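Reading through the structure tokens given below for one structure.
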Amino acid sequence: MRDFRRVIAAAVLVLTAGTAMVGASQADTGTVRIVFGTAGIVAGSGGGKGTLIFHGKSYPFQISGASFGATLALTVSEFEGRALNLRSPADLAGNYIAVGVGGALVGGAGVARLRNANGVILSVHGPKLGAGFSINMARVTITMM
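In this note's numbering, the protein residues as written are 94 to 238.
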């Protein structure tokens, strides 16, 4: 009976380790750089361009968005950060919902964490130039070029 339990325990350990390795090898992380302009009072809109670096290659994309909340802004932001849970560069494309906080008076900072339907999470931060303050909810769309 003891040998049977050892065999079962070893099989469970092998399956668990194998599953963990498969999940880790299927999803990866890339870096992103985004230049984004925003204008608005209460509701805002903006757009820009960015680059995804994934497995040593660069993939350009366009980004556009609209926000609603405590917003008063005319800013240009340069974000950089990470794109998590990528299986391919195409996974970056899609609609994201985000809650963001940022401020600037000539110069300031912004932070955002976004997630799309593909499970990709963008975590970005960076400086803002211009004047504005925002605590808002935004919908952002990324289109690969």
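All residues carry an ideal CB built from backbone N, CA and C; glycine is no exception. Bear in mind the structure is a predicted one, so any value in this text is a computation, not a measurement.
Subject >> Contact under 7 angstroms by Cβ, I156 with T124 >> reply: no
Subject >> According to DSSP, residues forming a beta bridge with A210 >> reply: Looking at the DSSP assignment, A210 forms no beta bridge with any residue, so it has no partner.
**OP:** Give me whichever residues DSSP pairs with D121 in a beta bridge.
**Re:** Beta-bridge pairing links D121 to L179.
Original post:
Comparing alpha-carbon positions, which option in A132, S181, G143, L177 lies nearest V213?
Top reply: Per the Cα distances, L177.
Original post:
Whose C-beta lies closer than 7 angstroms to the C-beta of M238 among residues of the same chain, with five residues either side of it excluded?
Top reply: P153, F154, Q155
Subject >> Residue of E173, P220, T234 minimising C-alpha distance to N188 >> reply: T234
Original post:
Should A231 be labelled buried (16 or more other beta-carbon atoms within 10 Å of its own) or exposed?
Top reply: buried
Original post:
Distance, Cα to Cα, L179 vs A132?
Top reply: 30 angstroms
Original post:
In angstroms, rounded to a whole number, what distance separates the CA positions of T236 and G141?
Top reply: Near 11 angstroms, if we compare the C-alpha coordinates of G141 and T236.
Original post:
Is the beta carbon of H218 less than 7 angstroms from the beta carbon of G174?
Top reply: Yes, they are a contact pair.
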